[in-house]
Amino acid sequence: MQFACNAHTICDSELRPLGTGLYPIISIINHSCLPNAVLVFEGRLAVVRAMQHIPKGDEVLISYVETAASSTTRQKALKEQYFFSCTCSRCIQVGQYEDIEESAILEGYRCRDNGCSGFLLRDSDDKGFVCQQCGLLRDKEEIRNIASDIKAMSDKVLKSNSSGNHQDSVFMYKNIEKLQKQLCHPFSISLMRTQEKLLEILMQLEDWKEALAYCRLTLPVYQRVYPGSHPLLGLQYYTCGKLEWLLGETDEAIKSLTKAVDILRITHGSNTPFMKELLMKLQEARAEASYKLSSRDE
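Counting from 1, position 262 in the sequence shown corresponds to residue 262 in the working numbering; the numbering is continuous, with no gaps.
Below is the structure:
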């Protein structure tokens, strides 16, 4: 139990897990669901970088769990793995209207009216869920049926993944996505995770155009659930920029890569091999855009 509480997942520069390590000094840094610092790895070296200005005397805080989740989900993860309840500035709002609204958006259901962006809360008669924007009731039996179909399809796609048939996986994930769009709020975390999975598989299939479309679909949710200087947001901009450049959308690539640099320079430092590669890509994209512009002027 002590190892599980004090161990850290070692990740590469793109935050993909590589293994587990013990870092006693890092282990004394406390958790917050609204952290002011981030833990990254340069090889085996653990580096804590500030994501914002931290006034002298303020505590340095990192997040032990995925912060893109409702307060209830974050608290459950912390309790199960680290055996404590969080009382950070986000978690003390549990039960308040703003927290209930955010939880309903991230992990709840969409309105029956596709033109409405309201969030749903359970009605007092327990007949279903009521849209807090337009007042429409969504029957709980309908919700249960769609959720059951998503669960069955998700179980099936896991078996397909293990067989390595990527085309079948894309087909099934798209069906899951279609059902989730009927069930979930547009800013749903579960819908975003499905779109992330489709992005990953489409990149493996080298279907760059559709991969870019899915990368762009995830960005509004990333922008909502992560702070502006979060490395995962920066990495998503980086992926978007690389795909745009590959597809000849140089101007859009420059915008995305610039956003990536602005964030990842903070979280990854300026002199790491990863950042040097990103800065080189941005420089090359700018040179290409300049060349195209001068060619048009001739």
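We treat Cβ as the ideally placed atom computed from N, Cα and C, and that holds for glycine. Fair warning: this is a prediction, and the values are worked out from it, not measured in the lab.
{"Query": "By DSSP, does CYS184 sit in helix, in strand, or in coil?", "Result": "strand"}
{"Query": "Quick one: what does DSSP say PHE274 is sitting in, helix, strand or coil?", "Result": "helix"}
{"Query": "According to the Cβ coordinates, are LEU22 and CYS11 closer than 8 Å?", "Result": "no"}
{"Query": "To which residues of the same chain is LEU302 closer than 8 Å at the C-beta, ignoring the five residues directly before and after it?", "Result": "With the chain represented from 1 up to 298, any question about residue 302 goes unanswered, as that position is not in the structure."}
{"Query": "Within a Cβ cutoff of 7 Å, which residues of the same chain sit near ASN36, ignoring the five residues on either side of it in sequence?", "Result": "ALA50, MET51, GLN52, ILE54, VAL60 and LEU61"}
{"Query": "Identify every residue that forms a DSSP beta bridge with ARG110.", "Result": "PHE119"}
{"Query": "Measure from the alpha carbon of LYS181 to the alpha carbon of each residue in TRP245, ILE105 and GLU244, then state which is nearest.", "Result": "ILE105"}
{"Query": "By Cβ distance below 6 Å, which residues in the same chain neighbour MET192 in space, the five residues on each side in sequence not counted?", "Result": "THR218 and VAL221"}
{"Query": "In chain order, what residues of the same chain lie with their CB nearer than 7 Å to the CB of LEU243, ignoring the 5 residues before and after it?", "Result": "TRP208, ALA211, LEU212 and CYS215"}
{"Query": "Could you check if GLN133 is buried or exposed, using at least 16 other CB atoms within 10 Å of its CB as the buried criterion?", "Result": "exposed"}
{"Query": "By Cβ distance below 6 Å, which residues in the same chain neighbour SER103 in space, the five residues on each side in sequence not counted?", "Result": "SER70"}
{"Query": "Measuring alpha carbon to alpha carbon, tell me which residue in ASP126, ASP125, LYS127 and TYR97 is nearest PHE119.", "Result": "TYR97"}
{"Query": "Which same chain residues, not among the five before or five after ARG122, have their C-beta less than 7 Å away from its C-beta?", "Result": "PHE129"}
{"Query": "Quick check: LEU34 and SER124, are their CB atoms within less than 8 Å of each other?", "Result": "no"}
{"Query": "If you pair each beta-carbon of the segment 131 to 149 with each one of the segment 165 to 173, do three or more pairs fall below 8 Å?", "Result": "no"}
{"Query": "Under 7 Å Cβ to Cβ from ARG224, same chain only, skipping five residues before and after it: list those, please.", "Result": "PHE187"}
{"Query": "Can you name the residues that DSSP bridges to ASN30?", "Result": "LEU61"}
{"Query": "Give me the Cβ distance between MET203 and MET172, rounded to the nearest whole Å; I'm assuming they're in contact under 8 Å.", "Result": "About 17 Å separates the two Cβ atoms, so there is no contact after all."}
{"Query": "Buried or exposed for LEU158, going by 16 or more other Cβ atoms inside 10 Å?", "Result": "exposed"}
{"Query": "Which residues in the same chain as GLN75 place their Cβ atom closer than 7 Å to its Cβ, once the five residues preceding and following it in sequence are excluded?", "Result": "SER85, CYS86 and CYS91"}
{"Query": "Would you tell me roughly how many angstroms separate the C-alpha atoms of VAL47 and LYS127, rounded to the nearest one?", "Result": "51 Å"}
{"Query": "Count the other C-beta atoms from every protein chain shown that fall within 10 angstroms of the C-beta of ARG16, then say buried if there are 16 or more, exposed otherwise.", "Result": "exposed"}
{"Query": "Per the DSSP calculation, LEU22 is bridged to which residue(s)?", "Result": "ALA7"}
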